[in-house]
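Novice: Below are the structure tokens for one structure; questions will follow.
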Ligand code: FES
């Protein structure tokens, strides 16, 4: 059985369908870690620190070349899976040093999302069964100008309750039941990943999207109000 620590090590970072095999590179964030998300030709998800080990240029500026990620600056290429540098175009006959690697995190698809494990633990799959009930659909990700603690407080005020894993909050939104996984992305920017019992392409799902956008506005207004409060008191 997984510990609470191992559960919290897995983070949803992007909609699975948005990261296509041997095609695009998507930026992601988890607990302040900036990520480059992509797939090799066989569809295996890749989650790398968004920084080329050569001169720290963001990998998200590069391109996917079959099973390799090619940096935009000097074109060095790194292999899916290991992150090992396999080609330095300026020195095509020189084998790259074996310790020249991108920083690679474990990644897996589950419940419609791509999940990343920042802790490099041995668990091979995210414990989504503990977070998202079977048969529920992924709704959307909301980027909210707040920290995750502020978002969780706001959800609690609206009747959401923390699950036993503490990673997910469960409560009503629109006309639907939802699970919200709340994560810090950057300072003062949190992501809410939402799943629901509403079926895709239904009126209930549309209502939920509207309610989710309204929730984001309300939380941001409450945060702004909160940030003004000490100045008023001074
Ligand atoms: S900075 Fe990436 S190859 Fe030089």
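Residue numbers (my numbering): 44 to 277.
Cβ coordinates follow ideal geometry from the N, Cα and C atoms, glycine included.
1) At a cut-off of 7 angstroms, would you count residue 155 as near the ligand FES, judging by its Cβ distance to the nearest heavy atom?
2) From what residue to what residue does the beta strand (DSSP E) around residue 108 run?
3) Considering only residues of the same chain and omitting the five flanking positions on each side of residue 119, which have a CB-CB separation below 6 angstroms?
4) Mind checking residue 47: buried by the 16 CB within 10 Å criterion, or exposed?
5) Could you check what DSSP says for residue 46 in three-state terms: helix, strand or coil?
6) Using three-state DSSP, classify residue 117 as helix, strand or coil.
7) Where residue 238 and residue 117 are concerned, what is the direct C-alpha to C-alpha distance, given to the nearest angstrom?
8) List the whole-angstrom C-beta distance separating residue 87 from residue 57, where the pair is believed to meet the contact cut-off of C-beta under 8 angstroms.
9) First and last residue of the beta strand (DSSP E) that includes residue 281?
10) Check whether the segment 257 to 273 and the segment 177 to 193 touch, using three or more Cβ-Cβ pairs below 8 angstroms as the test.
11) Using three-state DSSP, classify residue 85 as helix, strand or coil.
12) Sorry if obvious, but does the Cβ on residue 98 come closer than 7 angstroms to a heavy atom of the ligand MN?
13) In chain order, what residues of the same chain lie with their CB nearer than 7 angstroms to the CB of residue 114, ignoring the 5 residues before and after it?
14) Closer than 7 angstroms: is that where the CB of residue 118 sits relative to any heavy atom of the ligand FES?
15) Considering only residues of the same chain and omitting the five flanking positions on each side of residue 175, which have a CB-CB separation below 6 angstroms?
16) Kindly examine the ligand FES and report whether one of its heavy atoms sits closer than 7 angstroms to the Cβ of residue 144.
17) Please confirm whether any heavy atom of the ligand FES lies closer than 7 angstroms to the CB of residue 95.
18) In the DSSP assignment, the beta strand (DSSP E) including residue 71 goes from what residue to what residue?
19) Determine which residues share a DSSP beta bridge with residue 229 and list them.
Specialist: According to the data block:
1) Here residue 155 refers to the residue found at position 112 of the chain shown. No, the beta carbon of residue 155 sits no closer than 7 angstroms to any heavy atom of the ligand FES.
2) Counted from its first residue, the chain shown places residue 108 at position 65. Run containing residue 108: 106 to 108, per the beta strand (DSSP E) assignment.
3) In the chain shown, counting from the first residue as 1, residue 119 sits at position 76. Cβ neighbours of residue 119 beyond the five flanking positions: 97, 128 and 131.
4) Here residue 47 is taken as the residue at index 4 of the chain shown, counted from 1. Note that residue 47 scores 39 on pLDDT, short of 50, meaning its location in the model is unreliable; the coordinates nonetheless yield the value given after this. Answer is exposed; the Cβ neighbour count stays below 16.
5) Counting from one through the chain shown, the residue named residue 46 turns up at place 3. At residue 46 the pLDDT is 37, less than 50, meaning the model places this residue with poor confidence and gives no usable figure here.
6) On the chain shown, position 74 is the one that residue 117 refers to. Residue state, collapsed to three classes: coil.
7) By 1-based counting over the chain shown, the position of residue 238 is 195. By 1-based counting over the chain shown, the position of residue 117 is 74. Distance between the alpha carbons of residue 238 and residue 117: 41 angstroms.
8) Stepping through the chain shown from its first residue, residue 87 is reached at position 44. Stepping through the chain shown from its first residue, residue 57 is reached at position 14. Rounded, the Cβ-Cβ distance is 15 angstroms, inconsistent with contact.
9) Outside the shown range of the chain (44 to 277) lies residue 281, about which nothing can therefore be said.
10) Touching, yes, given that three or more Cβ pairs across the two stretches are closer than 8 angstroms.
11) Walking along the chain shown from the start, residue 85 turns up at place 42. Coil.
12) The ligand MN is absent from the structure shown, which contains only the ligand FES.
13) Counted from its first residue, the chain shown places residue 114 at position 71. Excluding positions up to five away in sequence, the list reads 95, 97, 100, 102 and 105.
14) Numbered from 1 along the chain shown, position 75 holds the residue referred to as residue 118. Yes; taking the cut-off as 7 angstroms, the Cβ of residue 118 has a heavy atom of the ligand FES nearer than that.
15) Taking the chain shown and counting its residues from 1, one reaches residue 175 at position 132. Apart from the 5 residues on each side of it in sequence, residue 175 sits with its Cβ closer than 6 angstroms to the Cβ of 154, 222 and 238 in its chain, given in chain order.
16) Within the chain shown, residue 144 is the residue found at index 101, counting from 1. No; taking the cut-off as 7 angstroms, the Cβ of residue 144 has no heavy atom of the ligand FES nearer than that.
17) Working through the chain shown from its first residue, we reach residue 95 at position 52. True, at least one ligand heavy atom lies under 7 angstroms from that Cβ.
18) Residue mapping note: residue 71 aligns to position 28 of the chain shown, counting from 1. Element bounds for residue 71: 69 to 73.
19) Here residue 229 refers to the residue found at position 186 of the chain shown. DSSP lists 232 as partners of residue 229.
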